[in-house]
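2 protein chains.
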Amino acid sequence: MKPSIDDVAEAAGVSRTTVSRVLNNRGYISQKTKDNVYKAMKEINYIPNDLARSLFNKRTHIIGLIVPKTSNPFFGELAFHIESICASFGFKVLLCNSVNRMDKEEKYLEMLLRNQVDGVIVVTYNRGIMNYHRENFPVVAVDHYLSEKIPVVGSDNYDGGKQATELLLKKGCRHIIHINGPIELETPANLRRKAYEDIMMENGRTPITYEVSNTFDQQIHRELICKLFDEQPEVDGIFASDDLIAASVMAEAKKRNKVIPSQLKVVGYDGTETGQILLPELTTIQQPIDLIAKTAIDILLKEIEGEFNDLPLETCLPVTLIEGGST
Amino acid sequence: MKPSIDDVAEAAGVSRTTVSRVLNNRGYISQKTKDNVYKAMKEINYIPNDLARSLFNKRTHIIGLIVPKTSNPFFGELAFHIESICASFGFKVLLCNSVNRMDKEEKYLEMLLRNQVDGVIVVTYNRGIMNYHRENFPVVAVDHYLSEKIPVVGSDNYDGGKQATELLLKKGCRHIIHINGPIELETPANLRRKAYEDIMMENGRTPITYEVSNTFDQQIHRELICKLFDEQPEVDGIFASDDLIAASVMAEAKKRNKVIPSQLKVVGYDGTETGQILLPELTTIQQPIDLIAKTAIDILLKEIEGEFNDLPLETCLPVTLIEGGST
DNA sequence: CTGAAAGCGCTTACAG
DNA sequence: CTGAAAGCGCTTACAG
Numbered sequence: 001m002k003p004s005i006d007d008v009a010e011a012a013g014v015s016r017t018t019v020s021r022v023l024n025n026r027g028y029i030s031q032k033t034k035d036n037v038y039k040a041m042k043e044i045n046y047i048p049n050d051l052a053r054s055l056f057n058k059r060t061h062i063i064g065l066i067v068p069k070t071s072n073p074f075f076g077e078l079a080f081h082i083e084s085i086c087a088s089f090g091f092k093v094l095l096c097n098s099v100n101r102m103d104k105e106e107k108y109l110e111m112l113l114r115n116q117v118d119g120v121i122v123v124t125y126n127r128g129i130m131n132y133h134r135e136n137f138p139v140v141a142v143d144h145y146l147s148e149k150i151p152v153v154g155s156d157n158y159d160g161g162k163q164a165t166e167l168l169l170k171k172g173c174r175h176i177i178h179i180n181g182p183i184e185l186e187t188p189a190n191l192r193r194k195a196y197e198d199i200m201m202e203n204g205r206t207p208i209t210y211e212v213s214n215t216f217d218q219q220i221h222r223e224l225i226c227k228l229f230d231e232q233p234e235v236d237g238i239f240a241s242d243d244l245i246a247a248s249v250m251a252e253a254k255k256r257n258k259v260i261p262s263q264l265k266v267v268g269y270d271g272t273e274t275g276q277i278l279l280p281e282l283t284t285i286q287q288p289i290d291l292i293a294k295t296a297i298d299i300l301l302k303e304i305e306g307e308f309n310d311l312p313l314e315t316c317l318p319v320t321l322i323e324g325g326s327t
Numbered sequence: 001m002k003p004s005i006d007d008v009a010e011a012a013g014v015s016r017t018t019v020s021r022v023l024n025n026r027g028y029i030s031q032k033t034k035d036n037v038y039k040a041m042k043e044i045n046y047i048p049n050d051l052a053r054s055l056f057n058k059r060t061h062i063i064g065l066i067v068p069k070t071s072n073p074f075f076g077e078l079a080f081h082i083e084s085i086c087a088s089f090g091f092k093v094l095l096c097n098s099v100n101r102m103d104k105e106e107k108y109l110e111m112l113l114r115n116q117v118d119g120v121i122v123v124t125y126n127r128g129i130m131n132y133h134r135e136n137f138p139v140v141a142v143d144h145y146l147s148e149k150i151p152v153v154g155s156d157n158y159d160g161g162k163q164a165t166e167l168l169l170k171k172g173c174r175h176i177i178h179i180n181g182p183i184e185l186e187t188p189a190n191l192r193r194k195a196y197e198d199i200m201m202e203n204g205r206t207p208i209t210y211e212v213s214n215t216f217d218q219q220i221h222r223e224l225i226c227k228l229f230d231e232q233p234e235v236d237g238i239f240a241s242d243d244l245i246a247a248s249v250m251a252e253a254k255k256r257n258k259v260i261p262s263q264l265k266v267v268g269y270d271g272t273e274t275g276q277i278l279l280p281e282l283t284t285i286q287q288p289i290d291l292i293a294k295t296a297i298d299i300l301l302k303e304i305e306g307e308f309n310d311l312p313l314e315t316c317l318p319v320t321l322i323e324g325g326s327t
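Residue numbers (UniProt numbering), protein chains in the order written: chain Z, 1 to 327; chain A, 1 to 327.
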């Protein structure tokens, strides 16, 4: 059996209350007792049971993180930063990959509540998750509106879409097409599309957006891209709403012998570390993933401290245009 | 306050024992009582506290996962599969990013033990982690030897290295250089290097390996690659031990106006989904990440069930050569 | 078929 | 400065 606090108490010849005190460094204890207790803990190889502590304290110092999937470089990087920052605050992370499926999101959320997490950071596309939302349960959403009361942290999608579109225009593109996710999802990413449409109109062009599903099915993405090329023979600029799609666009363009950037210019979105290494030639709008993580955690920690007023309901972090050879 | 089992009992007019029974579906209970209890749970919006259950059961159904960082596509994908498969077995995952730092690995491991995880899957480069290892505590290592008793799951690194080297030879490369991690780390990945060296020798060539640190510092990788090109002007084939390094090699080659594949052929390693999408032209050795995850979990679950004998101490899963335009 | 009691491993008033 | 007692929210023998 694992040694318990009583075993330590016995070994040190004190009461379990005293052991608990030195463990938590609370109250007055003589140095001698302290030393004895520490020695006993070492000797019997004692490791405190955080389950029991949490049960009493009603604080687990665990947060739940729901992302679509960490294999996607954006979410993988976000998960990395969120976990790292949490660790620096003494918080732990229960990881959940929802694959954008609402049924999974709901199950995960219930699981997290059963495990008494102190809060949840959620990157999800489905509002259904709100069924479980309780008044004053700490939740922060990344890049997606969940409800009126849940703070959202994201980057300046409108500015990103604007910069991307303006760059393509500036570079002389005449037929610029946009690829984005389903518009029904109420995500700030819709602002990328909005910006694209606004800028196009301002410049007397007709905006055309192709919608890809959010199923992570590469085959479907490829088919959509083929359709785009087939239907839009004059296309000379594409602004894709993420780098993976942009990469697929570039691959398909190569197949069709369209030379990048002379015949076709491509701009992606996200600018992850991995994207920068694997596809440095792609021009992209970089999101400040570390800042998004930091901000989301700051807000979540405030909620956990019970501060539900004065929360910034929407935080918009700056994006950076990174020009590569694809434009 | 959150409703407890006693609140349910009161609402349903039964004892807390009975509520517990319907919750766990154990023992005989009349259908009528069951219905009453379920109704009461719905009414007061009851969510069982898994902390309390775990405290009693001495089982949390949580496993710890220590990876270097999920922002790396290989580990991000591994984390995704591990978490997904765990979820299908009713297990949850506490995520830890060690950034390959031994001090963090140790802290994380202690944290996991305090949280009473049922087991740990660890992808780490440091044997120090074994300081905390207790007899019969469930641990599985991925791709790295931790101790004689800890099962390791990985892919066939020797075969991967062999296939990569043989391909470059077959394609006519005369000066093939290998890039790998520090040899001190006792990882099965050393076998990639061993295979490269063996095949080179068999073919009367002199193997030359450049070692990169495992610090995730891109700048250091770039510098090493520059050094390689400077020192090895005749190089016409490079086998890199992961796809990110291979990508950096290709980028540097481009800068130096070395045409791929005619003047330089490059083979990477890992073959992640993300790599396939962002850099499909890279020839690579693909690891079966989903299978690695599945196998590691199978073994871990056996350990959790107390089966520590007859464990496969080393599992070697098959790799696949994926030929792209870089060779 | 159902309930009262003890206990999982902790912490914190309350006394002394 | 230290300890006995109660309790966090559950589950499981043990009785009936």
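The beta carbon of each residue, even a glycine, is placed where N, CA and C say it ideally should be.
ask   = At a Cβ threshold of 9 Å, is Z/PHE89 touching chain A?
value = Position 89 of the first sequence, counted from the first residue, corresponds to residue 89 of chain Z. Cβ-Cβ to chain A under 9 Å: no for Z/PHE89.
ask   = Any beta-carbon of chain Z closer than 9 Å to the one on A/ALA40?
value = Mapped onto the second sequence, residue 40 of chain A falls at position 40. A/ALA40 is outside the set of residues whose beta carbon lies under 9 Å from a beta carbon in chain Z.
task = Please name the residue or residues paired with A/GLU66 in a DSSP beta bridge.
result = Working through the second sequence from its first residue, we reach residue 66 of chain A at position 66. One detail in the question is off: residue 66 of chain A reads as Ile in this sequence, not Glu. In DSSP, A/ILE66 forms a bridge with A/CYS96 and A/VAL122.
query = What is the residue span of the alpha helix (DSSP H) that A/ASN180 lies within?
reply = Position 180 of the second sequence holds residue 180 of chain A. Element bounds for A/ASN180: not the alpha helix (DSSP H) but the beta strand (DSSP E), 176-180.
query = Just reading off the alpha helix (DSSP H) that A/THR295 is part of, what are its end residues?
reply = One-based indexing of the second sequence puts residue 295 of chain A at position 295. Run containing A/THR295: 289-304, per the alpha helix (DSSP H) assignment.
task = Evaluate contact between the stretch 223-234 of chain Z and the stretch 181-195 of chain Z, counting only Cβ atoms and requiring at least three cross-stretch pairs below 8 Å.
result = Contact between the stretch 223-234 of chain Z and the stretch 181-195 of chain Z is absent, because fewer than three Cβ pairs lie under 8 Å.
ask   = Does the Cβ of Z/THR295 have 16 or more other Cβ atoms within 10 Å, making it buried, or fewer, making it exposed?
value = By one-based count along the first sequence, residue 295 of chain Z stands at place 295. Per the 10 Å Cβ criterion, buried.
ask   = Which first and last residues belong to the beta strand (DSSP E) in which Z/ILE85 is found?
value = Counting from one through the first sequence, the residue named residue 85 of chain Z turns up at place 85. For Z/ILE85, there is no enclosing beta strand (DSSP E); the residue is part of the alpha helix (DSSP H) that begins and ends at 73-88.
key: Best match in Z/SER88, Z/GLU106, Z/CYS96 and Z/VAL99 for proximity to A/LYS107 [C-alpha to C-alpha]   = Taking the second sequence and counting its residues from 1, one reaches residue 107 of chain A at position 107. Of the candidates Z/SER88, Z/GLU106, Z/CYS96 and Z/VAL99, the one whose C-alpha sits nearest the C-alpha of A/LYS107 is Z/SER88.
key: Per-residue DSSP class, three states only, for A/GLN286   = By 1-based counting over the second sequence, the position of residue 286 of chain A is 286. In the structure shown, A/GLN286 falls within a strand segment according to DSSP collapsed to helix, strand and coil.
message = Quick check on this structure: which residue in Z/LEU55, Z/LYS265 and Z/ASP7 has the alpha carbon closest to the alpha carbon of Z/ARG174?
response = The sequence position of residue 174 of chain Z within the first sequence is 174, counting from 1. Checked all of Z/LEU55, Z/LYS265 and Z/ASP7; the closest Cα to Z/ARG174 is Z/LYS265.
ask   = Which residues of chain A have a Cβ atom closer than 9 Å to the Cβ of Z/GLY76, listed in chain order?
value = If you number the first sequence from 1, residue 76 of chain Z lands on position 76. Identification of chain A residues near Z/GLY76 by a Cβ-Cβ cut-off of 9 Å yields LYS69, THR70, SER71, ASN72, PRO73, PHE75, GLY76, GLU77, ALA79, PHE80 and THR274, ordered along the chain.
inquiry  = Within the continuous beta strand (DSSP E) that includes Z/CYS226, where are the two ends?
reply    = Residue mapping note: residue 226 of chain Z aligns to position 226 of the first sequence, counting from 1. No beta strand (DSSP E) contains Z/CYS226, which is instead part of the alpha helix (DSSP H) from 218-231.
Cβ-Cβ distance between A/GLY161 and A/ILE208 below 9 Å = Start at 1 with the first residue of the second sequence, and residue 161 of chain A comes out as number 161. Start at 1 with the first residue of the second sequence, and residue 208 of chain A comes out as number 208. No, these two residues do not count as a Cβ contact at 9 Å.
inquiry  = By the three-class DSSP mapping on this structure, what secondary structure does A/GLU197 have?
reply    = Taking the second sequence and counting its residues from 1, the one referred to as residue 197 of chain A is at position 197. Of the three classes helix, strand and coil, the one that applies to A/GLU197 here is helix, per DSSP.
query = Buried or exposed: A/PRO138, going by 16 or more other Cβ atoms within 10 Å of its Cβ?
reply = Taking the second sequence and counting its residues from 1, one reaches residue 138 of chain A at position 138. Label assigned to A/PRO138: buried.
inquiry  = Measuring alpha carbon to alpha carbon, tell me which residue in A/ASN180, A/GLU307, A/PRO261 and A/LEU278 is nearest Z/TYR269.
reply    = To locate residue 269 of chain Z, count along the first sequence from 1; it is residue 269. Checked all of A/ASN180, A/GLU307, A/PRO261 and A/LEU278; the closest Cα to Z/TYR269 is A/LEU278.
8 Å Cβ cut-off: residues of chain A touching residue 336 of chain Z = The first residue shown for chain Z is 1 and the last is 327, placing residue 336 of chain Z beyond what the model contains.
key: Z/PRO261: contacting residues in chain A (beta-carbon distance under 9 Å)   = Reading the first sequence from its first residue, position 261 is the one you call residue 261 of chain Z. Under the 9 Å cutoff, chain A gives no residues; its nearest Cβ is about 15 Å from Z/PRO261.
task = Using the Cα positions of Z/PRO249 and Z/LYS255, report the straight-line distance between them to the nearest angstrom.
result = For the purposes of this step, residue 249 of chain Z is taken as residue 249 along the first sequence, with counting starting at 1. For the purposes of this step, residue 255 of chain Z is taken as residue 255 along the first sequence, with counting starting at 1. Per the sequence shown, the amino acid found at residue 249 of chain Z is Val instead of Pro. About 10 Å.
query = Going along chain A, which residues have a C-beta under 8 Å from Z/LEU51?
reply = Working through the first sequence from its first residue, we reach residue 51 of chain Z at position 51. Near Z/LEU51 (Cβ distances below 8 Å), the residues of chain A are LEU51, SER54, LEU55, THR60, ASN115 and GLN116.
ask   = Along chain A, in chain order, which residues have C-beta atoms closer than 7 Å to that of Z/MET111?
value = Locating residue 111 of chain Z in the first sequence gives position 111, where the first residue counts as 1. Here the neighbours are LYS92.
Pick from Z/LEU168, Z/LEU291 and Z/ASN24 that is closest to Z/ARG205, judged by C-alpha positions = Counting from one through the first sequence, the residue named residue 205 of chain Z turns up at place 205. It is Z/LEU168 whose Cα lies nearest to the Cα of Z/ARG205.
message = Can you check which of these residues, Z/LYS170, Z/GLU211, Z/VAL212 and Z/SER241, is closest to Z/TYR158 by C-alpha distance?
response = Looking up residue 158 of chain Z in the first sequence gives position 158. Closest in alpha carbon position to Z/TYR158, among Z/LYS170, Z/GLU211, Z/VAL212 and Z/SER241, is Z/SER241.
query = Taking the C-alpha atoms as reference points, what is the distance between Z/PHE308 and Z/LYS302?
reply = Within the first sequence, residue 308 of chain Z is the residue found at index 308, counting from 1. Within the first sequence, residue 302 of chain Z is the residue found at index 302, counting from 1. Just so you know, the alpha carbons of Z/PHE308 and Z/LYS302 end up roughly 7 Å apart.
request  = Would you mind telling me which residues of chain A sit closer than 9 Å to Z/PRO3, beta carbon to beta carbon, in chain order?
outcome  = In the first sequence, counting from the first residue as 1, residue 3 of chain Z sits at position 3. None at all; the shortest Cβ gap to chain A is about 11 Å.
task = Name the two residues that bound the continuous beta strand (DSSP E) containing A/SER326.
result = Position 326 of the second sequence, counted from the first residue, corresponds to residue 326 of chain A. Per DSSP, A/SER326 belongs to no beta strand (DSSP E) and is neither H nor E.
message = If you reduce the DSSP assignment to three classes, tell me which class Z/PHE239 lands in.
response = Counted from its first residue, the first sequence places residue 239 of chain Z at position 239. The three-state reading of DSSP puts Z/PHE239 in strand, counting E and B together.
inquiry  = If I measure Cβ to Cβ from Z/ILE44 and keep anything under 7 Å in the same chain, skipping five residues before and after, which residues do I get?
reply    = Indexing the first sequence from 1 puts residue 44 of chain Z at position 44. PRO3, ASP7, VAL8 and ALA11.
task = Please confirm if Z/LEU65 has its CB atom under 9 Å from at least one CB of chain A.
result = Taking the first residue of the first sequence as 1, we reach residue 65 of chain Z at position 65. Closer than 9 Å: yes.
key: Limits of the alpha helix (DSSP H) - the one that A/ILE208 falls within   = As a first step, residue 208 of chain A is located in the second sequence; it is residue number 208 there, counting from the start. Premise fails: A/ILE208 lies in the beta strand (DSSP E), 208-211, not in any alpha helix (DSSP H).
request  = Let me know the secondary structure DSSP gives A/THR187 once reduced to three states.
outcome  = For the purposes of this step, residue 187 of chain A is taken as residue 187 along the second sequence, with counting starting at 1. Of the three classes helix, strand and coil, the one that applies to A/THR187 here is coil, per DSSP.
task = Could you tell me which chain A residues have their CB closer than 8 Å to the CB of Z/LEU244, listed as they occur along the chain?
result = In the first sequence, residue 244 of chain Z corresponds to position 244, counting from 1. Going along chain A in sequence order, the residues near Z/LEU244 (Cβ under 8 Å) are THR274, ILE277 and LEU278.
request  = Under 8 Å by Cβ, that's how I've got A/ILE292 and A/VAL122 pegged, so tell me the actual separation to the nearest angstrom.
outcome  = Along the second sequence, one-based indexing puts residue 292 of chain A at 292. Along the second sequence, one-based indexing puts residue 122 of chain A at 122. A/ILE292 to A/VAL122, Cβ: 13 Å. No contact.
message = Based on DSSP bridge pairs, tell me the residues matched to residue 330 of chain Z.
response = The requested residue 330 of chain Z is not part of the displayed model; chain Z covers only 1 to 327.
message = With DSSP as the reference, identify every bridge partner of A/ASP270, one or two as the case may be.
response = For this step, residue 270 of chain A is matched to residue 270 along the second sequence. Bridge partners of A/ASP270: A/GLN286.
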